[in-house]
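The sequence shown runs -20 to -1, 1 to 446 under mature numbering (1 follows the signal peptide of the UniProt record, and there is no 0).
We put the beta carbon where it would ideally sit given N, CA and C, even for glycine.
Quick caveat, the model's predicted, so the values are computed rather than measured.
What follows is a single structure, written as structure tokens, with notes after it.
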Amino acid sequence: MDTLIALCSLLLLLLSQNAAILGQLDRTSGSGIGSLPPATPPPPPLSLQPSTPSIMHFVNESFIIFCQTVQKDIDTKWRDPSGQTRENTKGRVHIEKKTTGLLALVFEHIALEDSGNWTCEVNGNRNGNRNVNVEREFLASFELLVNQKISFGKTEQVQSVREGRDAMVNCFVEGMPAPEVSWLYNGEYINTVNSTKHNRLSNGLYIRNVSQADAGEYTCRAMRITPTFSDSDQITILLRIQHKPHWFFNETLPVQYAYVGGAVNLSCDAMGEPPPSFTWLHDNKGLLGFNHRIFVADYGATLQLQMRNSSQFGDYKCKVANPLGILERVIKLRPGPKPLAPGRFQLKKLYTNGFELDIQTPWMKNVSDEMQIYGYRVAYMSNAEFKFSAGNWSYAKQRDFSFHGGKHFIIPHLETNTTYLMRAASRNLAGLSDWSPVKMFTTAAGCSWSPWLYPVYGVILALIWT
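Take a look at the structure:
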């Protein structure tokens, strides 16, 4: 019995000593006194440079990222978002071994399909350890976010549609993320919500039953706002409405006059889309000889005739055509009396910045009232301009006067104290007379001003004087 008691006492003593030792260790660890410094965690086996978990780039930008290993004898590889190993050392996306333990992934031109998670990993585990946590230590990934800048692809900046039909103003907006598109017409916002006229579609603006009033400039505006960036861009499209030709200048006289030895201009003005062609016929035949010139613009054609003989009189037909229609107009060219040249052409008043001229022509006898002279044309150039052009009057400025505007023949906006050469011709329905002899007049050097040179101020002064 005594022996059993002794063994129990010895066991309790050993247990108490162990508890004291463990308590002392706990106190020492808690107080920090006499404890060892915490161990520095080992660096991860793989690291990326740059080390951000996600990287954003735009299409066609370049980018390079490095996979670095702690141990130089570790062999690494890159996997793309589809899980395929990238082993090529050339191409748009390839790998490059820079130094031992450093493997670069190079994007020469980033594409949309490059978006996703790219992973650098070791080629197997050297110790054959297939523990999941250990395998994760030998992986390093980053997410590549690829955005596409806003562009408008093959959008044509001039588009056409036929009048009376529905139209699509094409605008091919490209971008990732996809931008929001809005439309403007001649600078004004188009409300496409619940509109019976306009409808915004993915590839453009749909317009119902277009008319010529719908022609103009349409602006396709793309905009986007994301958590990481915002941008916008726009393109302006000219919409032309195709329609058959129509006359837009209706003051063309059906009967015009000329005289042998003179010249006459026959005008034919019409609009159409596409721009129409203009054809002139004389008595239903094509024009022959060298006594004519045709000046063609987008919406008009002028036939200029040098009247050499009486055979040039007759009916002149202008044909206007485009794929949607044809117009015709006949101008009857008849002989008329040649106007008399001015009998008097002299200076009436002198100013620093212009002249008032005295021009008169005798009454034409044996001529109907409609063929009498109704105005004048004055040609002028400065003495310096006359010398520079070697006396060529085709370079002269011209000013036409009509008796309907009164008989104040003012030449304004001239240089002060400058000599001008001038000549005048009479006008009637058959054309211009011979030119008068050339006269030379010099503007004043003082401070002389005529209200007739500036009509607005002249009217104000006239009201004051009355």
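Comparing C-alpha positions only, which one of Lys57, Asn171, Asn127, Thr79 sits nearest to proline 207?
Nearest C-alpha to proline 207: Asn127.
Quick one: what's got a C-beta closer than 8 Å to glutamine 214's C-beta in the same chain, skipping five residues either side?
Result list for glutamine 214: Thr199, Cys200, Arg201, Ala202, in chain order.
Does serine 212 come within less than 8 Å of chain C when only Cβ atoms are used?
Among the chains of the structure shown, chain C does not appear; only one protein chain is present.
Taking the continuous beta strand (DSSP E) assigned at asparagine 363, which residues delimit it?
From DSSP, asparagine 363 is part of no beta strand (DSSP E) but of the alpha helix (DSSP H) over 363 to 368.
Work out the CA separation of proline 255 and proline 303 for me, nearest whole Å.
Near 10 Å, if we compare the C-alpha coordinates of proline 255 and proline 303.
Could you tell me whether the stretch 241 to 260 touches the stretch 222 to 232, where touching means 3 or more Cβ pairs closer than 8 Å?
The stretch 241 to 260 vs the stretch 222 to 232: in contact.
On the CB-based measure, 16 or more other CB atoms within 10 Å of its CB, does asparagine 406 come out buried or exposed?
It should be noted that the sequence gives serine, not asparagine, for residue 406. Buried.
Per DSSP, what kind of secondary structure is phenylalanine 383 in: helix, strand or coil?
In the structure shown, phenylalanine 383 sits in a helix (DSSP, three-state: H, G or I).
Apply the 10 Å Cβ neighbour rule to glycine 426 and answer buried if 16 or more other Cβ atoms are within range, or exposed otherwise.
Exposed, since its Cβ has fewer than 16 Cβ neighbours within 10 Å.
Three or more beta-carbon pairs under 8 Å between the stretch 395 to 415 and the stretch 337 to 350, yes or no?
Touching, yes, given that three or more Cβ pairs across the two stretches are closer than 8 Å.
Considering only residues of the same chain and omitting the five flanking positions on each side of serine 140, which have a CB-CB separation below 8 Å?
Same-chain partners within the cutoff: Leu219, Arg220, Ile221, Gln222, Glu253, Pro254.
Rounded to whole angstroms, what is the Cα-Cα separation between leucine 409 and leucine 327?
One C-alpha to the other measures close to 27 Å.
Helix, strand or coil for tyrosine 360? Go by DSSP, reduced to three states.
Three-state result, tyrosine 360: strand.
Assuming tyrosine 169 contacts asparagine 179 under a Cβ cut-off of 8 Å, what Cβ separation, rounded to an integer in Å, is found between them?
Tyrosine 169 to asparagine 179, Cβ: 15 Å. No contact.
Contact defined as beta carbons within less than 8 Å: I believe residue 456 pairs with glycine 196. What is the distance between those atoms, to the nearest angstrom?
Residue numbering for the chain in the displayed model covers -20 to 446; residue 456 lies beyond these limits and cannot be assessed.
Less than 8 Å between the C-beta atoms of lysine 377 and methionine 351, yes or no?
Taking 8 Å as the Cβ cut-off, lysine 377 and methionine 351 do not qualify as a contacting pair.
Spell out a yes or no on whether the stretch 262 to 272 and the stretch 281 to 290 are touching, meaning 3 or more CB-CB pairs, one atom from each, closer than 8 Å.
Touching, yes, given that three or more Cβ pairs across the two stretches are closer than 8 Å.
If you compare alpha carbons, which of Phe38, Phe293, Val173, Asp146 is closest to glycine 190?
The residue you asked about is not glycine; residue 190 is valine in the sequence shown. For valine 190, the nearest C-alpha among the options comes from Asp146.
What ranges does the beta strand (DSSP E) occupy inside the stretch 221 to 282, keeping only unbroken runs of at least 3 residues that lie completely in it?
You should have 235 to 238, 243 to 253, 257 to 262, 272 to 277.
Would you report the Cα separation of leucine 313 and threonine 259, rounded to the nearest angstrom?
So the two alpha carbons sit approximately 17 Å from each other.
Please classify histidine 262 as buried or exposed, where buried requires at least 16 neighbouring CB atoms within 10 angstroms.
Label assigned to histidine 262: buried.
Roughly how many angstroms lie between the CA atoms of glutamate 123 and leucine 26, to the nearest whole one?
Going by the C-alpha atoms only, they are around 16 Å apart.
Going straight from the alpha carbon of threonine 396 to that of tyrosine 331, what length do you get?
Looking at the two C-alpha atoms, the distance is approximately 8 Å.
Along the beta strand (DSSP E) that carries aspartate 295, what are the first and last residues, could you check?
Here the beta strand (DSSP E) through aspartate 295 covers 294 to 302.
Would you list, in sequence order, the uninterrupted beta strand (DSSP E) runs of no fewer than 3 residues that lie entirely inside the stretch 97 to 179?
If we require 3 residues or more, the beta strand (DSSP E) runs fully inside the stretch 97 to 179 come out as 119 to 131, 138 to 142, 147 to 150, 154 to 156, 160 to 165.
Given a threshold of 16 other Cβ atoms within 10 Å of its Cβ, counted over all protein chains shown, does tryptophan 98 qualify as buried or as exposed?
Counting Cβ neighbours within 10 Å, tryptophan 98 comes out buried, since at least 16 surround it.
Can you give the Cα-Cα distance for aspartate 211 and serine 131, rounded to whole angstroms?
Going by the C-alpha atoms only, they are around 11 Å apart.
Whose CA, out of Thr341, Ser31, Cys100, Ile45, lies closest to the CA of aspartate 414?
Measuring from the Cα of aspartate 414, the nearest candidate turns out to be Thr341.
Count the other CB atoms, across all protein chains shown, that sit within 10 Å of the CB of phenylalanine 325; report buried if there are 16 or more and exposed otherwise.
So phenylalanine 325 counts as buried.
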